[in-house]
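Chemist:
There are 2 protein chains.
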Amino acid sequence: MLSAKTKYGLKALTYMAKQENRSPVQIAAIAESENISQKYLESILLTLRKAGFLGSKKGKGGGYYLLKDPKDIMMVEVMRVLEGPIAMVPCVSLNFYEKCDDCPDETACSVHKLMIEVRDSTLNIFNNKSLADLIS
Amino acid sequence: MLSAKTKYGLKALTYMAKQENRSPVQIAAIAESENISQKYLESILLTLRKAGFLGSKKGKGGGYYLLKDPKDIMMVEVMRVLEGPIAMVPCVSLNFYEKCDDCPDETACSVHKLMIEVRDSTLNIFNNKSLADLIS
DNA sequence: CTATTACCCTATCGGATTACTAGGTTAATG
DNA sequence: CATTAACCTAGTAATCCGATAGGGTAATAG
Chain V
1 MLSAKTKYGL
11 KALTYMAKQE
21 NRSPVQIAAI
31 AESENISQKY
41 LESILLTLRK
51 AGFLGSKKGK
61 GGGYYLLKDP
71 KDIMMVEVMR
81 VLEGPIAMVP
91 CVSLNFYEKC
101 DDCPDETACS
111 VHKLMIEVRD
121 STLNIFNNKS
131 LADLIS
Chain C
137 MLSAKTKYGL
147 KALTYMAKQE
157 NRSPVQIAAI
167 AESENISQKY
177 LESILLTLRK
187 AGFLGSKKGK
197 GGGYYLLKDP
207 KDIMMVEVMR
217 VLEGPIAMVP
227 CVSLNFYEKC
237 DDCPDETACS
247 VHKLMIEVRD
257 STLNIFNNKS
267 LADLIS
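Residue numbers (this note's numbering), protein chains in the order written: chain V, 1 to 136; chain C, 137 to 272.
Set out below in structure tokens:
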């Protein structure tokens, strides 16, 4: 299940990518347009800024803005920052690997093999999908 | 994230499919072999029985057994019973559809379109993968 | 300089879900 | 009838998530 956090984050990024110029967009504007709790969105944008996707500007006329061209912001990066692992089980996660408590032998586990397939097909999408692709 | 319930259920099904004959397998045997809490596994197998995957036999020599040939048990069915929706968001779910509170227009939502792609690629795997495929 | 604007940060909380346990009931076998 | 093993209901501890509270800090306008 996709978390609201990720969903909101993606919507916010999309909103910013749609702007004609690169002038800062205020949290309040995004929150209202996308029907998101402003305070919650604040924390999400903060995360995205710390992850290097966004820049920010304080004071009057301030707000958030994209640091890169939308076509250079790949979904796989955004998903890993907001949602965490792409894989459905930690034991097949590339970036958030964790061993299972139960499985003595990972390579013999039927679930493991199945989930690798799912991971790869999902990764294939997220690797090749940029923020720019989401808009069109 | 794949729930432990689904993981355990898949492991149990795999265990049964590996049996040479179709004689009943006891919960305790599966639980021990796969390192699953027996009581919890009980409730999972009950679900699988009610969903039509398993038959059961009470009393001595009883247990659970597959009702169909492993190659006729498709992952998509099992996943929907144990895990619920395949999609990452309810608004793109085929069998568990729910409208988003926020989105006024689904077709215009960037997240929506992305998640349809992910759903379809995952469905493609689960539709074509049988329990028999998990074993080999 | 001062007021305003808008981002920054931490802490907390209610609700929902999940993994699991407790404890007993029912049915089949020998 | 005693044993076995599935059936069923209820409850619970822990965790996570979405959201809120309440201020702090930096930048800008005038």
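All residues carry an ideal CB built from backbone N, CA and C; glycine is no exception.
What residues in the region 137-153 of chain C have a beta carbon less than 7 Å from any beta carbon of chain V?
Modeler: M137, L138, K143, L146, K147 and T150
Chemist: Pairing CB atoms from the region 241-259 of chain C with CB atoms from the region 91-108 of chain V, are three or more of them under 8 Å?
Modeler: no
Chemist: With L190/C as the anchor, note down where its beta strand (DSSP E) starts and where it stops.
Modeler: Here the question's residue 190/C lines up with position 54 in the second sequence. Counting along the chain, the beta strand (DSSP E) containing L190/C begins and ends at L190 to K193.
Chemist: Roughly how many whole angstroms lie between the Cα atoms of M152/C and V161/C?
Modeler: By 1-based counting over the second sequence, the position of residue 152/C is 16. By 1-based counting over the second sequence, the position of residue 161/C is 25. Each residue's Cα considered, the two are about 7 Å apart.
Chemist: Is DSSP giving M74/V helix, strand or coil here?
Modeler: For the purposes of this step, residue 74/V is identified with residue 74 of the first sequence, where counting begins at 1. Correct three-state label for M74/V: strand.
Chemist: Can you list the residues of chain C that V89/V reaches, using a CB-CB cut of under 8 Å?
Modeler: Locating residue 89/V in the first sequence gives position 89, counting from the first residue. Neighbours of V89/V in chain C, taken as residues whose beta carbon is under 8 Å from its own, are M137, L138 and K143 in chain order.
Chemist: Tell me whether S130/V is buried or exposed, calling it buried when 16 or more other Cβ atoms sit within 10 Å of its Cβ.
Modeler: Mapped onto the first sequence, residue 130/V falls at position 130. If you draw a 10 Å sphere on the C-beta of S130/V, you find 16 or more other C-beta atoms in it, and that means buried.
Chemist: Ignoring anything shorter than 4 residues or poking outside the region 76-131 of chain V, list the alpha helix (DSSP H) runs there in chain order.
Modeler: 110-128
Chemist: Within the 9 Å Cβ cut-off, does S23/V reach chain C?
Modeler: On the first sequence, residue 23/V is found 23 positions in, with the first residue counted as 1. So no, S23/V is outside the interface.
Chemist: If the cut is a Cβ gap below 7 Å, which residues of chain V does M210/C touch?
Modeler: Here residue 210/C refers to the residue found at position 74 when the second sequence is read from its first residue. Near M210/C there are no residues of chain V at all, since even the closest Cβ is about 12 Å away, more than 7 Å.
Chemist: Report the residues of the region 104-135 of chain V with a CB closer than 9 Å to any CB of chain C, ordered along the chain.
Modeler: P104, C109, S110, V111, K113, L114, M115, E117, V118, S121, T122, N124, I125, F126, K129, L131, D133, L134 and I135
Chemist: Quick one: is I27/V near chain C, going by C-beta distance under 9 Å?
Modeler: If you number the first sequence from 1, residue 27/V lands on position 27. Chain C, which has no Cβ nearer than 9 Å to the Cβ of I27/V, makes this no.
Chemist: Any beta carbon from chain V within less than 9 Å of D238/C's own beta carbon?
Modeler: Walking along the second sequence from the start, residue 238/C turns up at place 102. Chain V contact via Cβ: present.
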